[in-house]
Amino acid sequence: MKKRLHDVLKTVVEKLGVPSPEIVIELPREESFGDLATPVAMSLSKILKKPPRKIAEDIAGAIEEKEIFEKIDIAGPGFINFTFSKAYLHSELRKIITDGPAILRENIGKGKRIQIEFVSANPTGPLHLGHGRGAAFGAALANLLTAGGYKVEREYYINDAGKQVLLLGKSVFARYMHLCGAGEYAFPDDGYRGDYIEDVAKEFKKEVGKKYCHSALKESPQQGIIAAQEFAYGKMLDIIKKDLGEFGVLFDTWQSERELYKSSDVTKAIEDLRSHGHIFEKDGATWFRSTDFGDDKDRVLVKQDGEYTYFTSDIAYHRKKIEKKFDELIDIWGADHHGYIPRVQAVIQALGYPKESLRVLLVQMVSLLRGGKPVQMSKRTGEFVSLREVIAEVGADTAKFIFLTRRSDSHLEFDLEVAKAQSAENPVFYVQYANARINSIFANAKTKGFDTGGLEDTDLGLLSAQEEVRIIKKLLSYPIIFEGAVIAHEPHRITFFLQEIAGMFHPYYHKYKVVTDDIRLTGARLSLCEAIRVVIKDGFEILGLSAPERM
RNA sequence: GCGCCUGUAGCUCAGUUGGAUAGAGCAACUGCCUUCUAAGCAGUAGGCCAGAGGUUCGAAUCCUCUCAGGCGCGCCA
């Protein structure tokens with residue numbers, strides 16, 4: 000619809016003497032204005048030195064393909080409003096039914112390769128709600144971009160080296176010592192305290208027995224701690240993978256931080272930076288001069304004690320990513336890491352790439368509420384609600400829908416009571432219900448002997464009720480919404496669109512009966528329902544939501 | 001103190017990257033189940049777009065300042 004109009008306008012405006020005009024086409028705010036509108040006359044008034052309304056008239060008058068329009072109006076300061084003919088609308092609707100969702104998806108990526116890294120939670124505990132938001136958003140974005148013609152790789156970066164994993168090992172080991180009755184053994188001050196530590200410790204004990212248990216280890220527990228660390232980290236990673244899998248979020252690649260050390264990617268990265276003169280020594284440490292690239296202070300790579308910082312392996316990680324030559328790299332981070340962006344982009348530039356090579360999308364914080372009251376979350380004390388628990392309480396679809404009805408960079412209040420209420424408070428059911436209702440319409444049609452498979456020859460001209468025309472126009476605007484969502488990397492636009500479609504279907508369903516004695520009318524209305532179902536299912540697939548047959 | 005995000009209906013949030021008279025859901029109130037699923041439908045009500053300036057044909061949207069909330073500012077990860 001939009002593409003067709005764009006072509007029409009381009010020809011006309013070029014005829015008016017503007018070589019390569021930028022033609023903006025938008026959905027008008029008011030339906031009564033028409034189906035599509037362009038403010039192009041207003042933006043041309045400066046170039047052509049004529050009043051916008053006059054230009055609008057010239058453009059409208061010069062359009063040759065009048066048959067696809069019912070009317071063309073000039074309104075307001077110089078908008079040109081287009082209303083499409085019923086015949087054109089019906090032919091476009093037909094394509095949805097015969098060609099399926101592919102016809103609705105604009106090919107924007109044109110096969111470009113894009114990598115999205117998301118979740119990447121430390122394997123030191125179960126995922127919490129904030130990770131869930133990142134997971135839902137990242138997965139939906141990946142699906143959206145895939146549908147938009149990109150080749151997408153989903154990556155999870157595993158921080159399996161460094162202090163946090165060691166601390167996990169110490170925490171589990173301390174519990175283990177306690178379990179096997181080794182007497183007083185101090186729990187690390189800043190150790191992980193959740194119940195899951197206890198569980199892992201028990202499993203660890205089952206695995207290794209009392210091997211590390213004798214009291215001598217109290218003085219030199221290194222071996223036991225390492226063993227506990229290896230065991231626990233593997234366990235946590237399994238749990239994370241399982242939780243993500245049950246949430247419907249899958250990854251193509253899992254990049255281990257340890258591997259970067261083992262393969263000397265880390266040392267190579269430092270040498271790379273050094274050879275370009277971005278490294279210096281100070282106070283017994285090795286520094287990266289990130290201030291040369293807009294960071295507000297220089298960053299330590301190798302500490303006085305000879306240990307690497309977290310940032311160092313992250314340099315290696317991003318260097319490796321960039322060398323894979325994706326057309327676009329996306330990192331999805333929790334908003335609490337936003338201060339980290341300048342130094343990573345400094346790395347990108349120091350390696351000789353434009354900082355735009357990496358796009359960091361921030362997912363804002365989630366506050367968990369129950370009945371309006373905040374639920375405290377702290378990994379340190381172990382008092383936090385895991386993603387698994389939330390899903391068990393409210394359901395995966397509900398949780399995802401709540402995540403995906405907001406822009407990723409707006410703060411989110413997640414109220415368990417509101418989410419759980421089995422009423423229309425959960426808009427996800429509203430949309431799923433529309434799909435389920437359509438399924439039962441088709442079931443009903445079948446029992447009455449209609450050939451629900453052969454909708455290619457139905458007479459769509461019979462869809463003349465105002466509601467039917469509105470729904471058709473809405474369906475045909477899906478590619479426009481889709482295109483905007485892909486370009487802006489905003490899956491939530493799809494979510495809102497689906498709610499609008501459902502919001503048009505339900506009243507229609509209530510007012511008109513689809514399956515009647517009128518065979519031809521029934522066929523036409525079944526076709527409309529089929530098109531709605533195609534669009535809803537396509538949206539759900541992108542968002543990672545299930546579309547139950549029955550509810 | 002500096003930086004980033006946010007501020008739109010009572011509540012939770014959209015607002016198509018600057019377009020036309022400001023949108024949805026929930027909550028509130030009034031009605032609708034012998035008819036393809038009432039997780040539904042019809043209707044009523046609800047606004048100084050935090051505030052003040054500016055940019056232009058045109059601002060919730062862009063710029064500056066103020067106020068309020070959140071998050072960052074380690075030789076932690």
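Residue numbers (numbering that gives the first Met the number 0): 0 to 550. All C-beta atoms in this analysis are idealised placements derived from N, C-alpha and C, irrespective of residue type, glycine included. Keep in mind the model is a prediction, meaning the values are calculated, not measured.
Should Arg379 go down as buried or exposed, given a rule of 16 or more other Cβ atoms within 10 Å for buried?
Model confidence at Arg379 stands at a pLDDT of 48, short of 50, so the residue's coordinates are unreliable; what they give is reported in the following sentence. With fewer than 16 other Cβ atoms within 10 Å, it is exposed.
query: Which of helix, strand or coil does DSSP assign to Arg379?
result: For Arg379, the predicted model reports a pLDDT of 48, less than 50, meaning its position is unreliable and no value from the coordinates is stated.
**Request:** My understanding is that Ser312 touches Val265, with C-beta atoms under 8 Å, so please give their C-beta distance in whole angstroms.
**Result:** Contact between Ser312 and Val265 is confirmed by a C-beta separation of about 5 Å, below the 8 Å threshold.
* To do: Ignore the nearest five residues each way along the sequence and tell me which others in Asp537's own chain have a CB closer than 6 Å to its CB.
  => Counting only Cβ-Cβ distances below 6 Å, and skipping sequence neighbours, we find Pro100.
Quiz prompt | Three-way DSSP call (helix, strand, coil) for Asp57 in this model | solution = helix
Residues of its chain near Phe562, where Cβ-Cβ distance is below 7 Å and the 5 sequence neighbours each way are ignored: This structure cannot speak to residue 562, because the chain is shown only from 0 to 550.
With a threshold of 6 Å on Cβ separation, who are the neighbours of Ala330 within its own chain once the five nearest residues in sequence on each side are excluded?
According to the sequence shown, residue 330 is Asp rather than Ala. If we look at Asp330 and ignore the five residues flanking it on each side, its Cβ neighbours are Glu116 and Val359.
Open item on the list: Can you tell me where the alpha helix (DSSP H) holding Gly182 begins and where it ends?
Closed with: Gly182 -> no alpha helix (DSSP H), and no H or E assigned at all.
Query raised in the report: Is Thr521 helix, strand or coil when you go by DSSP?
Result: Of the three classes helix, strand and coil, the one that applies to Thr521 here is helix, per DSSP.
Continuous beta strand (DSSP E) stretch holding Gln254: start and end:
Thr252 to Ser255
### Task
Give the secondary structure of Pro76 by DSSP, where H, G and I count as helix, E and B as strand, and everything else as coil.
coil
Handout entry: Neighbourhood of Val207 by C-beta, 7 Å cutoff - its chain only, sequence neighbours within 5 removed
Key = Ala226
For Arg369, write down the residues that DSSP places opposite it in a beta bridge.
Lys372
Take Leu178 as the anchor and find which of Phe325, Tyr508, Val199 and Ala86 has the nearest alpha-carbon. Val199
Q | Exposed unless 16 or more other CB atoms sit within 10 angstroms - verdict on Lys399 | A | Classified as buried, Lys399 has 16 or more neighbouring CB atoms from the shown chains inside 10 Å of its CB.
| said: Quick check on Arg3: does DSSP put it in helix, strand or coil? | reply: helix
- prompt: Count the other CB atoms within 10 Å of the CB of Arg549; is the residue buried (16 or more) or exposed (fewer)?
  reply: exposed
Answer yes or no: do Ile58 and Ile24 have a C-beta to C-beta separation smaller than 8 Å? no
Nearest-angstrom Cα distance between Gly190 and Val346?
C-alpha separation (whole angstroms): 32 Å.
- Message: Within a Cβ cutoff of 6 Å, which residues of the same chain sit near Leu236, ignoring the five residues on either side of it in sequence?
- Response: Hits under 6 Å: Pro122.
Fill in: Nearest to Ser119 (by Cα), restricted to the options Ile157, Ile95, Leu126 and Leu92
Ile157
Would you report the Cα separation of Phe81 and Met0, rounded to the nearest angstrom?
11 Å
Identify whether Lys70 lies in helix, strand or coil by the three-state DSSP scheme.
strand
Spatial distance of Leu243 from Gly394 (CA atoms)
14 Å
According to the neighbour-count rule (16 or more other Cβ atoms, all chains shown, within 10 Å of its Cβ), is Ile96 buried or exposed?
Here Ile96 is buried: its Cβ has 16 or more other Cβ atoms, across all protein chains shown, within 10 Å.
* Mind checking Asp282: buried by the 16 CB within 10 Å criterion, or exposed? -> By the Cβ neighbour-count rule, Asp282 is exposed, with fewer than 16 other Cβ atoms within 10 Å of its own.
Contact check, Phe325 vs Ile113 under 8 Å by CB: the rounded distance? 6 Å
_Nearest neighbour of Tyr364, chosen from Arg387, Trp332, Val389 and Ser385 [CA to CA]_ = One point to set straight first is that residue 364 is Met, not Tyr, in the sequence displayed. Measuring from the Cα of Met364, the nearest candidate turns out to be Trp332.
(message) Please state whether the Cβ-Cβ distance between Ala624 and Val534 is less than 8 Å.
(response) In the structure as shown, the chain starts at 0 and stops at 550, and residue 624 therefore has no counterpart that could be examined.
Between the CA atoms of Gln228 and Lys205 - distance to the nearest angstrom: 15 Å
May I have a chain-ordered list of the alpha helix (DSSP H) segments no shorter than 4 residues that lie completely inside the segment 145-229?
162-178, 194-207 and 215-218
Subject >> Residues near Gly108 in its chain [Cβ-Cβ closer than 6 Å; skip 5 each side] >> reply: Gly147, Gly148 and Tyr149
Quick check on DSSP: helix, strand or coil for Tyr307? Here Tyr307 sits in strand by DSSP.
* Going by DSSP, what residues sit across from Asp330 in a beta bridge? -> Glu116 and Val359
Residue range of the alpha helix (DSSP H) that includes Glu416
Leu415 to Lys419
Which word fits Pro51, buried or exposed, when buried means at least 16 other C-beta atoms lie within 10 angstroms of its C-beta?
-> Burial call: buried.
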